[in-house]
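Note sheet for the following structure.
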Amino acid sequence: MAQLLRSLSSDLNKDGNMGICVDPRGSSIVAIAGSQPEALPHEHCVMWLVDHVARSQGGGAWESTQTFSSEPTELGVPQSYKDYIQQQQDFQDLRIGAELPRNCQSLQELEQEQSAANNLSKYGPYLCTGYDVYLLREPCLMCAMALVHSRVRRIFFLDCCKNGALISCFKLHTIKELNHHYEVFHIILT
Numbered sequence: 001m002a003q004l005l006r007s008l009s010s011d012l013n014k015d016g017n018m019g020i021c022v023d024p025r026g027s028s029i030v031a032i033a034g035s036q037p038e039a040l041p042h043e044h045c046v047m048w049l050v051d052h053v054a055r056s057q058g059g060g061a062w063e064s065t066q067t068f069s070s071e072p073t074e075l076g077v078p079q080s081y082k083d084y085i086q087q088q089q090d091f092q093d094l095r096i097g098a099e100l101p102r103n104c105q106s107l108q109e110l111e112q113e114q115s116a117a118n119n120l121s122k123y124g125p126y127l128c129t130g131y132d133v134y135l136l137r138e139p140c141l142m143c144a145m146a147l148v149h150s151r152v153r154r155i156f157f158l159d160c161c162k163n164g165a166l167i168s169c170f171k172l173h174t175i176k177e178l179n180h181h182y183e184v185f186h187i188i189l190t
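So for the sequence shown, full-length UniProt numbering puts the first residue at 1; every next one is plus one.
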């Protein structure tokens with residue numbers, strides 16, 4: 001995923017930030033998003049990524065200039081990124097496609113389940129519950145909080161940022177008072 005993030009950024013996104021959301025149960029890419037360095041905070045990569053995950057579940061709030069695949073399970077992956085992955089020898093084996101949401105019988109049943117991974121298996125996707133997110137750059141505080149609200153399981157990032165909220169300036173994921181926590185991993189390539 002680290003190699004894919006760097007390649008997408010340099011080849012398709014003018015060295016802007018990139019994010020990939022993965023369902024770890026089958027190592028399938030659920031959504032991909034990117035943003036430019038000069039993007040307004042509400043248009044950061046993570047914000048687009050969460051919206052693309054919502055799109056893969058039949059939602060999404062933002063109008064995008066990108067064309068998305070017509071496959072229902074691939075609605076979170078812009079067609080240009082999908083084509084790039086399929087054309088590159090190093091990435092052809094990656095799986096693309098999200099699980100479609102299932103209806104649970106009641107909200108009470110959903111609240112009784114404790115484990116995010118079990119929720120994902122039992123009820124299907126809800127926002128980013130149980131998913132892993134790979135980011136080229138450490139997210140800012142707003143984006144890190146968006147990942148809390150979207151119920152991400154783990155975050156992997158490559159590059160630290162001067163305003164990063166996971167290890168550089170702040171450690172958001174360690175605040176006990178938050179109602180959701182995720183694991184954070186800084187990937188260091190040698």
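All C-beta atoms, glycine included, are put in the ideal place defined by N, C-alpha and C.
Buried versus exposed, by CB contacts within 10 Å (16 or more), residue i
i           : result
E183        : exposed
I188        : exposed
E43         : exposed
R153        : buried
R137        : buried
H149        : exposed
S106        : Bear in mind that the predicted position of S106 carries a pLDDT of just 44, short of 50, making it unreliable; the figure below should be weighed with that in mind. S106 comes out exposed.
F68         : buried
A61         : exposed
S70         : exposed
L49         : buried
F185        : exposed
D11         : exposed
M18         : buried
K176        : exposed
N13         : buried
D37         : Here residue 37 is Pro; the residue named in the question, Asp, does not match the sequence. Exposed is the call here.
L100        : exposed
T190        : exposed
L40         : exposed
P72         : exposed
G59         : exposed
residue 245 : Nothing in the structure corresponds to residue 245, since the chain is present only between 1 and 190.
K82         : buried
Q108        : Bear in mind that the predicted position of Q108 carries a pLDDT of just 47, short of 50, making it unreliable; the figure below should be weighed with that in mind. So Q108 ends up on the exposed side.
Inter-residue CB distance, residue i and residue j (contact presumed, cutoff 8 Å)
i    : j    : result
G16  : S9   : 6 Å
L166 : P139 : 7 Å
V30  : S64  : The Cβ separation is near 16 Å, so there is no contact.
M1   : A146 : With a Cβ gap of about 20 Å, M1 and A146 do not count as contacting.
Q89  : S80  : About 18 Å separates the two Cβ atoms, so there is no contact after all.
L141 : F157 : That belief does not hold up - the Cβ atoms of L141 and F157 are roughly 14 Å apart, past 8 Å.
C45  : A54  : Actually they are not in contact, since the Cβ atoms of C45 and A54 sit about 15 Å apart, beyond 8 Å.
Residues sharing a beta bridge with residue i, DSSP
i   : result
S15 : The sequence shown places Asp at residue 15, not Ser. Paired residues: none, contrary to the question.
G34 : M18
D51 : Note: D51 sits in no beta bridge, so no partner.
S28 : D23 and R95
Residue i: CB within 7 Å of a non-hydrogen atom of the ligand GTP
i   : result
S70 : Although the ligand GTP was asked about, the structure shown includes no ligands whatsoever.
Checklist entry - Which full runs of the alpha helix (DSSP H) of 4+ residues lie inside the UniProt domain "CMP/dCMP-type deaminase" (63-185), going along the chain? => result 79-87, 107-112, 116-123 and 141-149
Checklist entry - Is the number of C-beta pairs between the stretch 126-135 and the stretch 22-34 that are closer than 8 Å three or more? => result yes
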